[in-house]
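Peer 1: Sending over a structure as structure tokens; questions will come in a sec.
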Amino acid sequence: MIYLWLEALHVGAVLIFTGGLVLLAVVTSGWILRDETLILGDKQIVYGVLRWDRRVTVPALGMVWASGLALAVWGGGFGQGWLMAKIGLVIILSALHGILSATLRKQMPNTSTRQLSWLRYSPGVVIFCFLAIALLVMIKP
9 MIYLWLEALH
19 VGAVLIFTGG
29 LVLLAVVTSG
39 WILRDETLIL
49 GDKQIVYGVL
59 RWDRRVTVPA
69 LGMVWASGLA
79 LAVWGGGFGQ
89 GWLMAKIGLV
99 IILSALHGIL
109 SATLRKQMPN
119 TSTRQLSWLR
129 YSPGVVIFCF
139 LAIALLVMIK
149 P
């Protein structure tokens, strides 16, 4: 019964982390740019995204790692190929979260700062990784 509660906690944390990471990716990628400046008015959106990231997304990421590793240990999943692939994708998403968060913080003093060109693809990378993780978990090849 505890395993099921831990699994539910893991799924909930993943959903919260997913939402926060997609929001961060969309804002940082420049999908809401007009004339190379963020459409922000008085930067309230960026401050709100950074506040949400710090207060909600980062704790959810910690809970994803803690509950996911506990499930893997408890369920004896280490050594299975699908789980190793999933952990690899989660490492990529965790690293991308750090890069996106740092990029958005660096843009705060001057919103016209140019970011890395590959970051415009970050929302697609996030969605692809989450879909691949979902397939790996459901199919367990």
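Straight run, no breaks: the sequence shown in this note's numbering ends on number 149. For every residue, glycine included, the Cβ atom is placed at its ideal position computed from N, Cα and C.
DSSP on residue 88, reduced to helix/strand/coil?
Peer 2: Coil at residue 88, not helix or strand.
Peer 1: Going by the CB atoms, is the gap between residue 60 and residue 148 shorter than 7 Å?
Peer 2: No, the Cβ-Cβ distance between residue 148 and residue 60 is not below 7 Å.
Peer 1: Can you look up residue 148 in the DSSP assignment and give me helix, strand or coil?
Peer 2: Residue state, collapsed to three classes: coil.
Peer 1: Taking only the alpha-carbon atoms, compute the straight-line gap between residue 21 and residue 102 and give it to the nearest angstrom.
Peer 2: Straight-line Cα distance between these residues: approximately 14 Å.
Peer 1: On the DSSP letters alone, give me the boundaries of the alpha helix (DSSP H) that residue 63 sits inside.
Peer 2: Element bounds for residue 63: n/a, residue is neither H nor E.
Peer 1: Which class does residue 71 belong to by DSSP, given the choice of helix, strand or coil?
Peer 2: Three-state result, residue 71: helix.
Peer 1: Can you name, in chain order, every residue of its own chain whose Cβ lies under 6 Å from the Cβ of residue 76, other than the five neighbours on each side?
Peer 2: If we look at residue 76 and ignore the five residues flanking it on each side, its Cβ neighbours are 18.
Peer 1: For residue 78 and residue 14, which I take to be in contact (beta-carbon distance under 8 Å), what is that distance rounded to the nearest angstrom?
Peer 2: The Cβ separation is near 6 Å, so the contact holds.
Peer 1: I need the straight-line Cα distance from residue 88 to residue 133, nearest angstrom please.
Peer 2: Approximately 24 Å between the Cα atoms of the pair.
Peer 1: I'd like the list of long-range same chain contacts for residue 64, defined as Cβ closer than 8 Å, with 5 residues on each side in sequence excluded.
Peer 2: Once the five neighbours on either side are set aside, the close Cβ partners of residue 64 are 24 and 28.
Peer 1: Check this for me: beta carbons of residue 108 and residue 141, under 7 Å apart or not?
Peer 2: Going by C-beta atoms, residue 108 is not nearer than 7 Å to residue 141.
Peer 1: To the nearest whole angstrom, what separates the beta carbons of residue 33 and residue 131, a pair I think is in contact under 8 Å?
Peer 2: Confirmed, Cβ separation roughly 4 Å.
Peer 1: Could you give the C-beta distance for residue 80 and residue 144, rounded to a whole number, given that I count them as a contact under 8 Å?
Peer 2: Not confirmed; about 13 Å, so no contact.
Peer 1: In angstroms with no decimal places, state the Cα-to-Cα distance between residue 50 and residue 95.
Peer 2: Because residue 50 sits at a pLDDT of 44, beneath the cut-off of 50, its placement in the model cannot be relied upon, and the point is left open.
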